[in-house]
Amino acid sequence: MDHQTCFVLLLPPFIFTLFILKHLSSHQNQNQNQNLPPSPPSLPLIGHLHLLKKPIHLTLASLSSHLGPIFSLRLGCKSFLIISSPSAIDECFTTNDVVFANRPSSLSGDHLTYNYSAYTWSPYGQLWRILRRLTVVELFSSRSLQRSAHIREEEMLRVLRRLRKESGRRVDLNSLISAFSFNVVMRGIAGKLCVGEEEIGAEAGREILRSMRWMFSPTVSLGMCDYFPILRWIGYKGLEKNAVLMQRKRDEFLQAMVDEIRVKSGGATAEEGKRRNGNLIERLLSVQASEPDLYNDDIIKSILVVMLAAGTDTSALTMEWAMSNLLTQPHVLQKLQQEIDENIGHDGLINDADLPKLPYLRCVVNETLRLHPVAPLLIPHLSSEECRVGGYDIPRGTILLVNAWAVHRGPGHWDEPEKFYPERFEGLEAEREGSRFLPFGMGRRACPGAAMALRTVSLALGAFVQCFEWGKGDVEVDFGVDLGVTLHKAKPLEAVCVVRNEAVHLL
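If you want it as structure tokens, here you go:
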């Protein structure tokens with residue numbers, strides 16, 4: 001091997017080592033006189049990376065039991081603050097809400113968020129405020145939720161009809177629930193189905209869902225290339241290449257939808273779009289007609305990405321976990337069925353307007369979200385300046401992780417926290433439980449789609465219970481967790497359903 005080849009091979013690790021040593025030196029000098037949160041012993045260069053085992057939320061909960069509810073970690077060149085204390089959460093999202101209103105950048109974020117214009121990941125500022133306000137008005141306001149109620153009801157009936165055909169047999173609930181969730185969102189944003197009724201539960205439908213999940217799974221997260229930037233330079237595991245490929249597929253899919261509806265709408269004005277009251281893309285295109293420079297196609301597609309990535313997976317997972325709990329708690333299932341029978345009766349299928357009459361149904365959904373928060377560590381926040389949390393000094397540029405899973409199962413916050421007990425929410429307004437119940441986050445960056453998610457999940461769950469008797473058959477329900485960003489079940493849910501005599505005419 002000649003000297004030139006040796007030089008080429010040794011240069012990247014040499015630069016990487018200098019970078020890390022410089023970072024550590026500046027980090028230590030900066031923090032010498034600060035009262036920092038406790039931290040476990042670290043290793044050179046990698047910091048605490050060796051301590052993290054999947055699932056991460058369990059590892060962090062274990063570290064918290066030794067270090068306390070506020071502690072810090074260093075992963076490569078990134079500093080993290082991990083909290084699982086309601087009082088510290090209150091401090092972060094009330095006193096320091098603006099400080100923690102930003103999101104960290106990442107390799108996946110660089111490629112999958114349309115230059116961080118997707119409002120979930122966009123920097124806190126004017127663009128974020130405009131996009132959030134637009135999204136709330138067009139999607140999540142009370143008027144918008146009422147306007148989209150018929151979509152949820154029609155898609156639920158489509159799934160119920162499919163279940164009727166499978167009465168008495170074991171069914172793949174994961175596939176049916178996912179089809180329902182994707183169809184609701186696709187009809188809302190583009191006015192068309194993702195999976196047709198004959199494809200629901202069939203292999204063709206599963207293939208469509210696999211493709212959609214690949215393109216729109218919640219993949220914007222921090223990884224090895226963010227902790228060690230040199231890995232990005234050398235193409236570590238093809239991560240950046242895969243992100244570029246996924247974005248190209250996403251963009252082709254979304255641009256085709258936008259262009260198709262643009263042709264159909266014929267360049268409607270903003271006022272015409274409001275009168276037409278069509279799907280989301282139609283309404284966004286009508287807004288674009290009035291302000292084309294601000295609401296360009298990338299902005300529209302960034303909103304669609306958020307809807308497809310956050311609005312499908314999260315609702316489907318919550319429904320699946322809820323049904324898993326009901327199958328193993330028949331007394332809860334019976335109580336819920338009794339509430340629906342008494343308040344809805346058998347003259348009509350449950351609809352959106354019926355949900356306020358069913359407080360125990362809401363308790364079941366809340367208890368599911370408590371035990372199985374879809375995003376157990378929420379979405380990371382980034383401190384834009386120095387602040388104090390729990391008496392500790394938090395440096396600027398620290399990434400905040402809130403371990404919602406640990407808070408939701410904390411024995412100091414809940415009685416018998418490991419037990420599925422929906423009655424604990426009776427008489428409580430979950431929205432006011434604040435920092436001890438935060439499946440949708442908290443503060444100004446909390447999920448704006450909480451109301452829509454709750455309606456979607458509650459309607460599906462209520463319809464399943466109203467129309468069918470459920471059992472787990474001779475197979476135990478698996479509560480294992482897949483190792484990912486969201487709280488997926490390790491084994492997709494299957495169950496046996498039989499049409500109730502009282503519901504035959506409803507289907």
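Quick note on UniProt numbering: the sequence shown kicks off at 1 and runs consecutively. Just so it is clear, CB atoms sit at the ideal spot from N, CA and C, and this is done for glycine as well. This one's a predicted model, so the numbers in the text were calculated from it and none came from an experiment.
R158 and Q288 have their C-alpha atoms some 34 Å from each other.
Taking the C-beta atoms as reference points, L401 is found nearer than 8 Å to P380. CA-CA distance, I281 to A310, rounds to 17 Å.
Secondary structure of K357 (DSSP, three-state): helix.
The straight-line gap separating the alpha-carbon atoms of R132 and R143 is approximately 16 Å. Here L73 has H48 and F80 as same chain residues with Cβ atoms under 6 Å from its own Cβ, once five neighbours each way along the sequence are excluded. A distance below 8 Å between beta-carbons, with the five flanking residues on each side excluded, links I340 to the following residues of its chain, in chain order: I350, L358, L361, G462, V465 and Q466. In this structure D352 is buried. Its beta-carbon is surrounded by 16 or more other beta-carbon atoms within 10 angstroms. Contact check for I189 against N279 passes: the beta carbons are separated by less than 8 Å.
Taking T94 as reference, the option from P37, G397, R162 and G441 with the minimal CA-CA separation is G441.
Within the same chain, Cβ atoms closer than 6 Å to the Cβ of K249 are found at M215, the five residues on either side in sequence being excluded. Two segments are said to touch when three or more pairs of C-beta atoms, one from each, lie closer than 8 Å; by this definition the stretch 407-419 does not touch the stretch 478-489. For the options T314, I82 and M257, the alpha carbon positioned closest to that of D298 is the one of M257.
Non-local C-beta neighbours of V374 in its own chain, meaning closer than 8 Å and more than five positions away in sequence, comprise D313, T314, L317, T318, P439, T486 and L487, ordered along the chain. Secondary structure in the stretch 61-132: the beta strand (DSSP E) runs of 3 residues or longer, each lying completely within the stretch, are 70-75 and 78-83 in chain order. Burial is judged here by how many other beta carbons sit within 10 angstroms of a residue's own beta carbon; V364 has at least 16 and is buried. Between A61 and S84 a beta carbon distance of about 7 Å is seen, short of the 8 Å cut, so the two are scored as contacting. In its chain, beyond the 5 residues on either side, R158, R161 and R162 have a beta carbon closer than 8 Å to the beta carbon of E197.
By alpha-carbon distance to H408, the top candidate from D393, S435 and L285 is S435. In the DSSP assignment, E386 falls outside any beta strand (DSSP E), carrying neither H nor E. Contact between the stretch 319-336 and the stretch 172-179 is present, with at least three C-beta pairs closer than 8 Å. Comparing C-alpha distances from L139 to each of K472, G449 and L493 shows the shortest one belongs to G449. In the structure shown, E469 adopts extended strand secondary structure according to DSSP, grouped into three states.
Excluding the 5 residues flanking it on each side, Y295 has same chain C-beta neighbours closer than 6 Å at V287 and Q288, in chain order. For V365, DSSP assigns no beta-bridge partner whatsoever. Counting of Cβ neighbours within 10 angstroms places D347 among the exposed residues, the total staying below 16. Taking the Cβ atoms as the reference, S221 lies roughly 12 Å from S105, outside the contact range of under 8 Å. Per DSSP, reduced to three states, the secondary structure at Y392 is strand. Counting only residues of its own chain and dropping the five nearest sequence neighbours on each side, I394 has a CB closer than 7 Å to the CB of L81, S383, E386, C387 and R388.
Taken atom to atom, the span from the alpha-carbon of R129 to that of M307 is near 17 Å. DSSP links A495 through a beta bridge to V171. According to the DSSP assignment, V402 belongs to the beta strand (DSSP E) that extends over I399 to V402.
Note on W405: 16 or more other CB atoms within 10 angstroms of its CB, so buried under the neighbour-count rule.
Put simply, of L284, R210, P411 and W470 the residue whose alpha carbon is nearest the alpha carbon of S324 is W470.
Measuring C-alpha to C-alpha distances from H505 to each of K472, L378, F468 and C497 identifies F468 as the nearest.
Distance from the CA atom of T59 to the CA atom of L459, rounded to whole angstroms, is 35 Å.
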